[in-house]
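Going by the working numbering, the sequence shown opens with residue 182, and the numbers climb by one from there.
The beta carbon of each residue, even a glycine, is placed where N, CA and C say it ideally should be.
Nothing here was measured: the structure is a model prediction, and the numbers come from that model.
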Amino acid sequence: MLTYLVRRLLLMIPTLLGISIVVFTVMALSPGGITPQALTSGMEMKPEQRKAIEDYYNKRYGLDKPAPVQYLRWLNNVSPIGFVSDDQGNRGEFSFSKGMDLGTSFQYGRPVSDILAERIPITLLLNLVTIPVTYLIAILVGMKSATNRGGSFDVGMGMSMLALWSIPTMLAGVLLLGFFANVQHFQWFPTAGIGSREAQDMPFLPHWEQTGFVRGFLLDRIWHLVLPVLCLSYGGFAALAKLTRTSILENLHSDYARTARAKGLAENDVLWKHVFRNSLLPLITVSAGLLPSLLAGSLIVENIFSINGMGQLAVEAVKGRDRELVLSITWVSGFLTLIGYLIADFCYTLADPRVTYD
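Here's what the structure looks like:
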């Protein structure tokens, strides 16, 4: 197992390298490319000021160099092993412990690592809440539909799940905001963000005071997450519910299930202890691709609900041609995606003892 883990971690390096090369090439070949002139276009400043900024960009990031040289320079900065460079981009001696430097954002003028440290927890919070909700609903609906095959619940949920899966995320987000956060309709939920300013000074748990009920930080955060999580999860649990139903039906009438019933086991024991465990394998396979799809969906959802996460940051970085920020976001997203695949592989061993990586 340890050998397999090390091998998979080492294989992540060329994979992330290939991802960064593709993204860098697309940005370099885009109309206008990444040049000081493109970065300063639209800014009202004196010619000498513009010239000073362009000279700084060229010296700090090597934007006047050929694209391959620019990429190798960026790769040297983000690699923990390489040549030490100062703030002006001058190369020093080779070091095996120089640390990683994600660079400074063109737009924000701040270290990219500081910006990502603020935004990554927000996106991870959305996804870590969405994944359990997605699987819980999918398993319950799929199990109920499989055990009542052909019944009214099965037919009704089948049509509902197909309809939900067909609705685009951006349309669902706009409809949720329009009906459930609009002053002209229900206005049950907030329109933007994942928390209110007042909640920062509240106790963590809800409680009663002399002035009335205080919802607290936790309840306020849940209240803000309802619509974004619903928008992120509905497509996932719609597809997973159909997959769960199919997988359970395949195992419900298998030989080992009939043998378990012949031994006198209750139907619930057969269903949950035998059938359900073998039905998990397709769900684990799909889960490997669920995290990348949620990260991609966060890009849309975070912009619709004005959430300052990685998705919104990625859109702003692409619009502003912020090369350092775009490459770092791509690197982090690719790393999280590969970790998701690795976790799915290990979940196989938990669901099926016959699977081994030794």
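Query: Of the residues 482, 493, 313, 251, the one placed nearest residue 353, counting alpha carbons only; Result: 482
Query: Residue 384, buried or exposed, once every other Cβ within 10 Å from all chains shown has been counted against 16; Result: exposed
Query: Beta-bridge partners of residue 287, as assigned by DSSP; Result: None; residue 287 has no bridge partner.
Query: Span of the beta strand (DSSP E) around residue 272; Result: 272-276
Query: Residues sharing a beta bridge with residue 445, DSSP; Result: Partner(s): none; residue 445 has no beta bridge.
Query: Complete beta strand (DSSP E) runs within the stretch 371-446 (minimum length 3 residues, chain order); Result: 388-390, 393-395
Query: Short Cβ contact (8 Å threshold) for residue 409 with residue 397; Result: no
Query: Residue 461 vs residue 319 beta-carbon contact at 8 Å; Result: no
Query: Three-way DSSP call (helix, strand, coil) for residue 486 in this model; Result: coil
Query: For residue 344 and residue 373, the rounded distance between their alpha carbons; Result: 27 Å
Query: Contact under 8 Å by Cβ, residue 413 with residue 475; Result: yes
Query: Selected residue, minimal CA-CA separation from residue 195, among 452, 243, 368, 256; Result: 256
Query: Close-in-space but distant-in-sequence residues of the same chain around residue 440 (CB under 8 Å, 5 per side omitted); Result: none
Query: contact_flag[the stretch 506-523, the stretch 428-439] where n(CB pairs < 8 Å) is 3 or more; Result: no
Query: Spatial neighbours of residue 297 in its chain, beta-carbon cut-off 7 Å, leaving aside the 5 residues before and after; Result: 509, 513
Query: Identified DSSP bridge partners for residue 130; Result: Only positions 182 to 539 of the chain appear in this structure, which leaves residue 130 out of reach.
Query: Cβ pair residue 304, residue 492 closer than 8 Å; Result: yes
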